[in-house]
Ligand SMILES: Cc1cc2nc3c(=O)[nH]c(=O)nc-3n(C[C@H](O)[C@H](O)[C@H](O)COP(=O)(O)OP(=O)(O)OC[C@H]3O[C@@H](n4cnc5c(N)ncnc54)[C@H](O)[C@@H]3O)c2cc1C
């Protein structure tokens, strides 16, 4: 039987007190017998109701950021495993570990909000590019697999409101956050700055904060910070994250008539979708008031015509291609320019290659955050009995890198399954979730010295 954690229990009570049970929530709880437990039905019910979700989100954030609770958590003498970063892989590791009978790990998260990349906003701002389907996880290309499956989580993306084939970032964030709420102790606003020790213990230090002594560290720092952060001013030149934060506000496209996006990966595509109003609907918007007339997309490897786009692009991004042809009034809204470009901020806008824009969004990749003692070349590939490489292990400390941050090369099976055909899959969560789950399932239990 699923026993809710103290946090999940208190959060559900808070939602019930402040929101009651809305018609949407009642509709789900009327099917309680079809869920694995009543708690899971209640969690799926709250996911249906935007106001209940907001209450739950706020409750969870304030629970984890409460100073006294943080102090009690950090003062515990029996800290065994520490996870760096509170994203998807932290949740996978914690869920599998605890479901196998181990104590809850302690998660240290640099930001004020857990959920990693998918939690960059509280409102939905981009669609996932991996399918949510009913059922268990499997390789990309398996038509019966749910690619957004989080092993061991209290609820899965397929318990959430149907949103066509591709759910939103906040749907995935909710699944991650609830898994952490169930299976981990979390301290937010705790940025790990250095890690050092040996097999007897590892000292994990945080910036301007306390240090904890752990027996094992799981480094789940994720895809890191934008490489372009120094080039942006946050208003006319933004990173992808800053632009998405803007998309979560009211009238996000106000005053933007001409925009440029630099970079053609998944972030660039999601930014272009937002500018073309193909992404999740903003909280408040009116197409007639705030219409971006022209988007120049500086990206070296993208098709430039609608016809080429339809042939070369996978289904998820097909809709963008229609904007690469002339519109009914002769103008073309979206143009792909096969050049690398650097923006320059000028009053009221930004220049790229001598052209003036109201907004430039830089989507040119990420670089891992720095932690002293955990440099990449101090790690080697870590394999399990069947020869599969599932993580990286530090050469002389009980520290493991997991997820995209482990930078594992595509293996034979992934090439056979077609996962390696898309370079972007190197960092996709569905590619690495099974590996992290395998690590959590196979590492020995810790015993106190
Ligand atoms: C726009 C976009 C769309 C995507 N869509 C998909 C998709 O549809 N399907 C898919 O499979 N994948 C997708 N991905 C990839 C997916 O985001 C990653 O695979 C996934 O987020 C990796 O999870 P993670 O937990 O390793 O890292 P992250 O989600 O990046 O989380 C890492 C966490 O670590 C924290 N952190 C970093 N440094 C420190 C430190 N020093 N101390 C403490 N905490 C720290 C960060 O604040 C962050 O919260 C997408 C990525 C982007 C950018």
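Residue numbers (the working numbering): 4 to 452. Backbone N, C-alpha and C fix where the C-beta goes; we use that ideal spot for every residue, glycine too.
Checklist entry - Since residue 273 contacts residue 282 with CB under 8 Å, what's their CB separation in whole angstroms? => result Translated into positions along the chain shown, residue 273 becomes position 270. Translated into positions along the chain shown, residue 282 becomes position 279. Confirmed, Cβ separation roughly 7 Å.
Checklist entry - Does the pairing of the segment 197-209 with the segment 395-409 give three or more beta-carbon distances under 8 Å? => result Yes: at least three Cβ pairs fall under 8 Å.
Checklist entry - Can you tell me whether DSSP reads residue 65 as helix, strand or coil? => result Here the question's residue 65 lines up with position 62 in the chain shown. If DSSP states are grouped into helix, strand and coil, residue 65 belongs with the helices.
Checklist entry - Any heavy atom of ligand 1 closer than 8 Å to the Cβ of residue 456? => result Nothing in the structure corresponds to residue 456, since the chain is present only between 4 and 452.
Checklist entry - Counting Cβ pairs closer than 8 Å, one from the segment 104-113 and one from the segment 185-198, do we hit at least three? => result With the rule of 3 Cβ pairs closer than 8 Å, the segment 104-113 counts as touching the segment 185-198.
Checklist entry - Comparing the CB of residue 374 with every heavy atom of ligand 1, is any distance shorter than 8 Å? => result Position 371 of the chain shown holds residue 374. Shortest gap from the CB of residue 374 to any heavy atom of ligand 1: under 8 Å.
Next on the checklist: Does residue 134 come out as helix, strand or coil in the three-state DSSP assignment?
Outcome noted: For the purposes of this step, residue 134 is taken as the residue at position 131 of the chain shown. In the three-state scheme derived from DSSP, where H, G and I count as helix and E and B as strand, residue 134 is classed as coil.
Next on the checklist: ligand 1 and residue 189: does any heavy atom of the ligand fall closer than 8 Å to the residue's C-beta?
Outcome noted: Numbered from its first residue, the chain shown carries residue 189 at position 186. No - ligand 1 has no heavy atom lying nearer than 8 Å to the Cβ of residue 189.
Item to check | Environment of residue 369 [buried if 16+ CB atoms lie within 10 Å] | outcome: Here residue 369 corresponds to residue number 366 of the chain shown, with the count starting at 1. Residue 369 should be labelled buried.
Next on the checklist: At a threshold of 8 Å, does residue 112 count as lining ligand 1 (C-beta to nearest heavy atom)?
Outcome noted: On the chain shown, residue 112 is found 109 positions in, with the first residue counted as 1. Yes - ligand 1 has a heavy atom lying nearer than 8 Å to the Cβ of residue 112.
Item to check | residue 432: CB within 8 Å of a non-hydrogen atom of ligand 1 | outcome: For the purposes of this step, residue 432 is identified with residue 429 of the chain shown, where counting begins at 1. True, at least one ligand heavy atom lies under 8 Å from that Cβ.
Checklist entry - With a cut-off of 8 Å, do at least 3 Cβ pairs link the segment 408-421 to the segment 127-139? => result Short answer: they don't touch.
Item to check | DSSP-derived helix/strand/coil call for residue 352 | outcome: Against the chain shown, residue 352 aligns to sequence position 349. If DSSP states are grouped into helix, strand and coil, residue 352 belongs with the strands.
Item to check | Reference residue 409, options 430, 426 and 420, closest by Cα | outcome: Position 406 of the chain shown, counting from 1, holds the residue named residue 409. The shortest C-alpha to C-alpha distance from residue 409 to any of 430, 426 and 420 is the one to 430.
Next on the checklist: Any heavy atom of ligand 1 closer than 8 Å to the beta-carbon of residue 150?
Outcome noted: Mapped onto the chain shown, residue 150 falls at position 147. Result yes, Cβ under 8 Å from ligand 1.
Next on the checklist: Using a Cβ-Cβ cutoff of less than 7 Å, which residues in the same chain neighbour residue 85 once the five nearest sequence positions on both sides are dropped?
Outcome noted: Residue 85 sits at position 82 when you count from the first residue of the chain shown. Excluding residues up to 5 positions away in sequence, 108, 109, 111, 207, 215, 217 and 220 lie with their Cβ nearer than 7 Å to the Cβ of residue 85 in the same chain.
Next on the checklist: Given 8 Å as the limit, tell me if residue 258 has its C-beta closer than that to any heavy atom belonging to ligand 1.
Outcome noted: Position 255 of the chain shown, counting from 1, holds the residue named residue 258. Not under cutoff, so the answer is no.
Checklist entry - Just reading off the beta strand (DSSP E) that residue 307 is part of, what are its end residues? => result For the purposes of this step, residue 307 is identified with residue 304 of the chain shown, where counting begins at 1. Taken as a continuous stretch (DSSP letters only), residue 307 belongs to no beta strand (DSSP E), as it is neither H nor E.
Next on the checklist: Counting C-beta neighbours from all protein chains within 10 Å, is the total for residue 233 16 or more, i.e. buried, or is it exposed?
Outcome noted: Translated into positions along the chain shown, residue 233 becomes position 230. That one is exposed.
Checklist entry - For the candidate residues 309, 8 and 263, whose alpha-carbon lies nearest to that of residue 330? => result Position 327 of the chain shown, counting from 1, holds the residue named residue 330. Of all alpha-carbon atoms in 309, 8 and 263, the one lying nearest the alpha-carbon of residue 330 is that of 309.
Checklist entry - Given that a residue counts as buried once 16 or more other Cβ atoms are within 10 Å of its Cβ, and exposed if not, what is residue 123? => result The sequence position of residue 123 within the chain shown is 120, counting from 1. Around the CB of residue 123, 16 or more other CB atoms lie within 10 Å, so the residue is classed as buried.
Item to check | Beta bridge counterpart(s) of residue 397 as assigned by DSSP | outcome: Position 394 of the chain shown holds residue 397. 382, per the DSSP bridge assignment.
Item to check | beta-carbon residue 131 near ligand 1 non-hydrogen atom, thresh 8 Å | outcome: Mapped onto the chain shown, residue 131 falls at position 128. Checking every heavy atom of ligand 1 against the Cβ of residue 131, one is found closer than 8 Å.
Checklist entry - beta strand (DSSP E) containing residue 360: first to last residue? => result Counting from 1 along the chain shown, the entry for residue 360 is found at position 357. Per DSSP, the unbroken beta strand (DSSP E) holding residue 360 starts and ends at 358-360.
Item to check | Residue of 367, 259 and 73 minimising C-alpha distance to residue 212 | outcome: Working through the chain shown from its first residue, we reach residue 212 at position 209. Residue 212 has its Cα closest to that of 73, out of 367, 259 and 73.
Next on the checklist: I'd like to check one pair, residue 177 with residue 50: are the Cβ atoms closer than 9 Å?
Outcome noted: As a first step, residue 50 is located in the chain shown; it is residue number 47 there, counting from the start. As a first step, residue 177 is located in the chain shown; it is residue number 174 there, counting from the start. Result yes, Cβ atoms of residue 50 and residue 177 sit closer than 9 Å.
Checklist entry - DSSP on residue 370, reduced to helix/strand/coil? => result Locating residue 370 in the chain shown gives position 367, where the first residue counts as 1. DSSP, reduced to helix, strand and coil, places residue 370 within a strand of the structure shown.
Checklist entry - Do residue 57 and residue 157 have their C-beta atoms within less than 9 Å of each other? => result Taking the chain shown and counting its residues from 1, one reaches residue 57 at position 54. Taking the chain shown and counting its residues from 1, one reaches residue 157 at position 154. In this structure, residue 157 does not lie closer than 9 Å to residue 57 by Cβ.
Checklist entry - Can we say the segment 9-25 touches the segment 59-73, given the rule of at least three CB pairs closer than 8 Å? => result Using a Cβ-Cβ distance cut-off of 8 Å, the segment 9-25 and the segment 59-73 are in contact, since at least three pairs of beta carbons, one from each stretch, lie closer than that value.
Item to check | Contact test: residue 100 Cβ vs ligand 1 heavy atom, cutoff 8 Å | outcome: Residue numbering aside, residue 100 sits at position 97 when the chain shown is read from its first letter. Taking 8 Å as the cut-off, one finds no heavy atom of ligand 1 near enough to the beta carbon of residue 100.
Checklist entry - Cβ atoms of residue 294 and residue 328: under 9 Å apart, would you say? => result Locating residue 328 in the chain shown gives position 325, where the first residue counts as 1. Locating residue 294 in the chain shown gives position 291, where the first residue counts as 1. Not closer than 9 Å, so no.
Next on the checklist: Nearest by alpha-carbon distance to residue 277: which of 16, 29 and 127 is it?
Outcome noted: Taking the first residue of the chain shown as position 1, residue 277 is located at position 274. Minimum Cα distance to residue 277 is reached at 127.
Item to check | For residue 397 and residue 381, the rounded distance between their alpha carbons | outcome: Here residue 381 corresponds to residue number 378 of the chain shown, with the count starting at 1. Here residue 397 corresponds to residue number 394 of the chain shown, with the count starting at 1. Spanning the alpha carbons of residue 381 and residue 397 requires a straight line of approximately 6 Å.
Checklist entry - Going by alpha carbons, who is nearest to residue 320 out of 279, 136 and 376? => result Within the chain shown, numbered from 1, the residue matching residue 320 stands at position 317. That would be 279, whose Cα lies nearest to the Cα of residue 320.
Checklist entry - Would residue 151 be called buried (16 or more neighbouring beta carbons within 10 Å of its own) or exposed? => result Taking the first residue of the chain shown as position 1, residue 151 is located at position 148. Under this definition residue 151 is a buried residue.
Item to check | Same chain, Cβ closer than 6 Å to residue 428, five either side skipped, listed in chain order | outcome: If you number the chain shown from 1, residue 428 lands on position 425. Within its own chain, the residues whose Cβ lies closer than 6 Å to the Cβ of residue 428, once the five positions on either side in sequence are excluded, are 422 and 434, listed in chain order.
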